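Student:
There are 2 protein chains.
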Amino acid sequence: MSQDDLASLRVDKARLMSDLHTTCEWGKGESWGDVEADHFHSGETETGMSRLSLSDTDRQARDWFHRTATELGCKVHTDAMGNQFAVRPGLSNDAAPTYAGSHLDTQPTGGRYDGILGVTAAIEMLRTLNDNWIETAYPVGVVNWTNEEGARFPMSMVASGVWAGSISVERAHDLKSVIPSSDTATIQTELERIGYLGEVPCSWEATPMAAHFELHIEQGPILEAENRRIGVVRGVQSYKWFTVTVRGRDSHTGATSFQHRADALLTASKMILASHKVASKHGALASTGILTLKPGSTNTVPGFVQFSLDVRAPQDDTVEAVESECRSAFIALAAGEDALQINTGCTPSSRQCSVEWRTDFVSPATHFHGDCIACVQAAGSHLCGGGEVKDKDIGSWGKLMTSGAGHDSVYTNKRCPTCMIFVPCRDGVSHNPAEYSSPEACEDGANVLLGAVVRYDKLRSERGR
Amino acid sequence: MSQDDLASLRVDKARLMSDLHTTCEWGKGESWGDVEADHFHSGETETGMSRLSLSDTDRQARDWFHRTATELGCKVHTDAMGNQFAVRPGLSNDAAPTYAGSHLDTQPTGGRYDGILGVTAAIEMLRTLNDNWIETAYPVGVVNWTNEEGARFPMSMVASGVWAGSISVERAHDLKSVIPSSDTATIQTELERIGYLGEVPCSWEATPMAAHFELHIEQGPILEAENRRIGVVRGVQSYKWFTVTVRGRDSHTGATSFQHRADALLTASKMILASHKVASKHGALASTGILTLKPGSTNTVPGFVQFSLDVRAPQDDTVEAVESECRSAFIALAAGEDALQINTGCTPSSRQCSVEWRTDFVSPATHFHGDCIACVQAAGSHLCGGGEVKDKDIGSWGKLMTSGAGHDSVYTNKRCPTCMIFVPCRDGVSHNPAEYSSPEACEDGANVLLGAVVRYDKLRSERGR
Chain A
3 MSQDDLASLR
13 VDKARLMSDL
23 HTTCEWGKGE
33 SWGDVEADHF
43 HSGETETGMS
53 RLSLSDTDRQ
63 ARDWFHRTAT
73 ELGCKVHTDA
83 MGNQFAVRPG
93 LSNDAAPTYA
103 GSHLDTQPTG
113 GRYDGILGVT
123 AAIEMLRTLN
133 DNWIETAYPV
143 GVVNWTNEEG
153 ARFPMSMVAS
163 GVWAGSISVE
173 RAHDLKSVIP
183 SSDTATIQTE
193 LERIGYLGEV
203 PCSWEATPMA
213 AHFELHIEQG
223 PILEAENRRI
233 GVVRGVQSYK
243 WFTVTVRGRD
253 SHTGATSFQH
263 RADALLTASK
273 MILASHKVAS
283 KHGALASTGI
293 LTLKPGSTNT
303 VPGFVQFSLD
313 VRAPQDDTVE
323 AVESECRSAF
333 IALAAGEDAL
343 QINTGCTPSS
353 RQCSVEWRTD
363 FVSPATHFHG
373 DCIACVQAAG
383 SHLCGGGEVK
393 DKDIGSWGKL
403 MTSGAGHDSV
413 YTNKRCPTCM
423 IFVPCRDGVS
433 HNPAEYSSPE
443 ACEDGANVLL
453 GAVVRYDKLR
463 SERGR
Chain B
3 MSQDDLASLR
13 VDKARLMSDL
23 HTTCEWGKGE
33 SWGDVEADHF
43 HSGETETGMS
53 RLSLSDTDRQ
63 ARDWFHRTAT
73 ELGCKVHTDA
83 MGNQFAVRPG
93 LSNDAAPTYA
103 GSHLDTQPTG
113 GRYDGILGVT
123 AAIEMLRTLN
133 DNWIETAYPV
143 GVVNWTNEEG
153 ARFPMSMVAS
163 GVWAGSISVE
173 RAHDLKSVIP
183 SSDTATIQTE
193 LERIGYLGEV
203 PCSWEATPMA
213 AHFELHIEQG
223 PILEAENRRI
233 GVVRGVQSYK
243 WFTVTVRGRD
253 SHTGATSFQH
263 RADALLTASK
273 MILASHKVAS
283 KHGALASTGI
293 LTLKPGSTNT
303 VPGFVQFSLD
313 VRAPQDDTVE
323 AVESECRSAF
333 IALAAGEDAL
343 QINTGCTPSS
353 RQCSVEWRTD
363 FVSPATHFHG
373 DCIACVQAAG
383 SHLCGGGEVK
393 DKDIGSWGKL
403 MTSGAGHDSV
413 YTNKRCPTCM
423 IFVPCRDGVS
433 HNPAEYSSPE
443 ACEDGANVLL
453 GAVVRYDKLR
463 SERGR
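Residue numbers (the numbering used here), protein chains in the order written: chain A, 3 to 467; chain B, 3 to 467.
(1) For B:Pro110, count neighbouring Cβ atoms within 10 angstroms of its own Cβ and tell me buried if that reaches 16, exposed if not.
(2) Give a yes or no on contact between the region 340-347 of chain B and the region 269-277 of chain B, applying the rule of three or more CB pairs nearer than 8 Å.
(3) Please give me, in chain order, every unbroken run of the alpha helix (DSSP H) with length at least 4 that falls completely inside the region 311-389 of chain A.
(4) Kindly confirm or deny that the region 241-250 of chain A and the region 345-361 of chain A touch, where touching means at least three C-beta pairs closer than 8 Å.
(5) Counting only runs that start and end within the region 228-312 of chain A, where is the beta strand (DSSP E) found for 3 or more residues in a row?
(6) Can you say whether A:His41 is buried or exposed, counting buried as having 16 or more other CB atoms within 10 angstroms of its CB?
(7) Terminal residues of the continuous beta strand (DSSP E) containing A:Tyr413?
(8) Just to confirm before moving on: does the CB-CB distance between A:Ser52 and A:Gly117 stay below 8 Å?
(9) Quick check on B:Cys348 - is its C-beta less than 8 Å from some C-beta in chain A?
(10) Quick check on DSSP: helix, strand or coil for B:Gln62?
(11) My guess is that B:Ser310 and A:Thr300 are in contact by the Cβ rule of under 8 Å, so how many angstroms apart are they, rounded?
(12) Just grab the DSSP bridge partners of A:Phe2 for me.
(13) If I follow the unbroken alpha helix (DSSP H) through B:Asn132, where does it start and stop?
(14) Which residue or residues does DSSP assign as beta-bridge partners of B:Met403?
(15) Since I believe B:Arg236 is in contact with B:Leu402 (beta carbons under 8 Å), could you give me their beta-carbon distance rounded to a whole number of angstroms?
(16) Express the C-alpha separation of A:Val171 and A:Leu128 in angstroms, rounding to a whole number.
(17) Kindly indicate which residue of A:Ile219, A:Glu32 and A:Asp107 has the alpha-carbon position closest to the one of A:Trp147.
(18) Taking beta-carbon pairs under 8 Å, can you tell me which members of the region 265-285 of chain A lie near chain B?
(19) For A:Lys399 and B:Thr290, I'd like the C-alpha separation in whole angstroms.
(20) In angstroms with no decimal places, state the Cα-to-Cα distance between A:Thr460 and B:Gln354.
(21) Looking at chain B, is there any beta carbon in it that lies within less than 8 Å of the beta carbon of A:Pro419?
(22) Given a limit of 8 Å on CB to CB distance, which residues of the region 294-319 of chain A reach chain B?
(23) From what residue to what residue does the beta strand (DSSP E) around A:Ala174 run?
(24) Below 8 Å on C-beta distance, what does B:Trp237 contact in chain A?
(25) Answer yes or no: does any C-beta atom of chain A fall closer than 8 Å to that of B:Glu226?
(26) Counting only Cβ pairs nearer than 9 Å, list the residues of chain B close to A:Leu342.
(27) Buried or exposed for A:Gly447, please, with buried defined as at least 16 other CB atoms from any protein chain shown within 10 angstroms of its CB.
(28) As a quick exercise: from A:Ala454, A:Arg465, A:Ala443 and A:Val456, pick the residue whose alpha carbon is nearest that of A:Glu220.
(29) Taking all protein chains shown into account, decide if A:Leu56 is buried (16 or more other Cβ within 10 angstroms of its Cβ) or exposed.
(30) For B:Ala139, count neighbouring Cβ atoms within 10 angstroms of its own Cβ and tell me buried if that reaches 16, exposed if not.
(31) Here's the rule I'm using: 16 or more other beta-carbon atoms within 10 Å means buried, otherwise exposed. How should A:Val160 be labelled?
(32) Just to confirm, are A:Leu18 and A:Ser439 a CB contact at a threshold of 8 Å?
(33) For a contact meaning CB atoms closer than 9 Å, what does B:Gln190 contact in chain A?
(34) Should B:His369 be labelled buried (16 or more other beta-carbon atoms within 10 Å of its own) or exposed?
(35) Which of the three DSSP states, helix, strand or coil, is assigned to A:Gly469?
(36) For B:Tyr101, collect the residues of the same chain with a Cβ closer than 6 Å to its Cβ; drop the 5 residues on either side in sequence, then sort them by chain order.
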């Protein structure tokens, strides 16, 4: 196939959006649009998603993936973490496939595009290759990774982590559901229950990849604000997740003076504020998404609070610095001392709280592979190129970016050349029912994904591996 | 009976403590002592209580109350809120009884003394009157009020509130359990389930009281710190309960810059800190005991937070001032403006949160009745009197106090002369498994309760009503 033929390949926007919204029938979440609105065709997709990993609705989406890829002529297998791999044969099938993929699970109040776009665009890639009778030099694959969100089983990207050899399959299998709190399921019991505990070991050796390309919505506001169509993602920022436990003393809200309290929630509130101030100082991010307390009564000062802390920055040493300063500030605040002027105006107490840190997850800064970045940039430039190319500006159509969020590509990058493609999403909103990328943006991303994969296949063909 | 005979009446400490710890077998909570300790008789009562109102264990305690009072010769009836009233006849039974009582329900992680001491001491009063063949001029009663804590059904003192006519029985019956959150029981369904939905209407007219005396642990540190045996409680501080709802926007923790966030939890943390600072300035109390958020995922900035706010001060206008300043501060903080220097060092955001207030409960400052206060003071002074009486100092044995916590006596005081008696509790701890008052303190309190009730009966007899 000539370079011109390659360049003329285009996905079918309507079919792509149909696949995306069809799969979103399984696990519909909260509505975000004006459900009473009289716009033709608008209201029906104005719901978010709540498709927790390995739930019954996730099983329905997996069934669709298996059925559709099989119908498109792929061989599909599932590994011990429930990862699904569909492979379309190439002219030579002695080497590993070039993969495109993402994940079909969502946040409990998530949207229709995070992950889902990446998988459905990869399926659309298969459809387009078939329609055009394209024979690639090497096999091309599509992958659906399990529990990327970490929302139900509290370790994000856990299944690509096992595949990469960074997490043991035993540890992953034993992860317990956190939603709802009464759910006692583990990854293993749920894989068995829904019939997706595959016999193939979960590893990069059992299921090798020549490369991994992932299309994803940006989940931030930059592309939209700068009016650019494609983000060429060079890497992912560094991040760490912690669980912080504050212990004080339950006491009566009416009868216990401020001087006699060890108020775990007031102290945790100061810590959350402190983490924000420390991160602000460093140009980093610090966020708390989970907070639980005991005993939970209006007239009892809580003696126990536990909260998550998510620290991110482009550089590993910035994350370390924020962690270190937060640790010091939290110890000071628990002891009733001041940090960052937060205690000014508070009543000193004769009682202290204690604070414990637990590190749950460490993801160092990731730098994607130059060959893959070049393929994405070439595909983007060919599709929608234009504008001046100067220094790091690749033209007004696109932008070289660092991802703020983690993705399965962080783990695949440890074992094979990897790159990601971002498309704009409205207002930068994600992890929210109102998450939205226009059909045109989805089409752009799918075309760049297709273009990057065929370009990478061509590169492999030229190199003979 | 002569004044000397009255003065010689004493409760049986061992029997009182036996009743107290026997009833605490139903609904045992978390242990607080050294369970491995080799102290004779110590470990077995070193557990707290978790006897939520209208639970199965509460029913067991109610059964004990009914059985015991009946065996002591009382007529026992239950009203439509499950309040239990036991009446020991007097020489004349044409007038309402003089009551002593409190409550048998506890916090989810409560102690053995809050409420329970008041009821068991009132039962011990009946035993002592019987042992001494005392015939009072008018009937003497004991009352066990339902759901005083407001921990399971979120309205404290709700059943005395209905009795006083301040809360409608329909509203009270419809209150839904908040522990656990999946429990759909209401007060009415639970009263029916455990068999304590009485046929007598819940009202001060159907069950009149001549007076109400309530013995309670102080739940604060003052008596212990000043080495005084008895608190003569003149009234209860003013308080208000609110539910505050903060709405922001769910967004991804990694991909959403601080500038683009509407972080409901960060904002709520600032509000909790602000309420503490405002209350500190006014010498008042502000406390948050409940906080829930959505969606609850480590990598999602919460878009929804709801928390309780409990504001207390001795004067109504202080509570109003704290409320007013908190409202202003919360609006400013939600809008991203500063209040009380809390925003210093935070990253400004282009997005705002919204804030809503709901007032759940208003309890103005309460002033108990002079006759009842005089009876308590006389009984206390006679039992353990000593020290110089000067101005407001009633002698080193006791102290005139204002209660920090609300009690059923706040409502009875609306319909009959009322007073409370406090005894010291270790370290001021309450609403905590480690809550503790010594047997000697419990005995002191029970003797003063007994002394106050017989003195009040004598006063009635002298007045002929």
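Built from N, CA and C at the ideal position, the CB exists for glycine as well.
None of the values given here were measured: they were computed from a predicted structure.
Tutor: Working from what's here:
(1) buried
(2) yes
(3) 318-336 and 372-386
(4) yes
(5) 232-238, 240-249, 287-289 and 293-296
(6) Model confidence at A:His41 stands at a pLDDT of 44, short of 50, so the residue's coordinates are unreliable; what they give is reported in the following sentence. A:His41 is exposed by the Cβ-count criterion.
(7) That residue, A:Tyr413, is in no beta strand (DSSP E); its alpha helix (DSSP H) goes Asp410 to Arg417.
(8) no
(9) yes
(10) helix
(11) 4 Å
(12) Lying before the first or after the last residue shown, residue 2 of chain A is absent from chain A, which here runs from 3 to 467.
(13) Ile118 to Asp133
(14) B:Val235
(15) 5 Å
(16) 30 Å
(17) A:Asp107
(18) Asp265, Leu267, Leu268, Ala270, Ser271, Lys272, Ile274, Leu275, His278, Lys279, Ala281, Ser282 and Lys283
(19) Note on residue identity: the sequence assigns Trp, not Lys, to residue 399 of chain A. Rounded to the nearest angstrom, the two C-alpha atoms are 50 Å apart.
(20) According to the sequence provided, residue 460 of chain A is Lys. The question's Thr does not apply to it. Distance between the alpha carbons of A:Lys460 and B:Gln354 is about 50 Å.
(21) no
(22) Leu295, Lys296, Pro297, Gly298, Ser299, Thr300, Asn301, Thr302, Val303, Pro304, Gly305, Ser310, Asp312 and Arg314
(23) Looking at the DSSP string, A:Ala174 is not in any beta strand (DSSP E); the run it does join, the alpha helix (DSSP H), is Val171 to His175.
(24) A small fix is needed here, since residue 237 of chain B is Gly in this sequence, not Trp. Near B:Gly237 there are no residues of chain A at all, since even the closest Cβ is about 13 Å away, more than 8 Å.
(25) no
(26) Thr346 and Gly347
(27) buried
(28) A:Ala443
(29) buried
(30) buried
(31) buried
(32) no
(33) Within chain A, no residue comes near B:Gln190; the closest Cβ sits about 22 Å away, beyond 9 Å.
(34) exposed
(35) Residue coverage of chain A in this structure runs from 3 to 467, which leaves residue 469 of chain A outside it and unanswerable.
(36) Gly143, Val145, Met211 and His214
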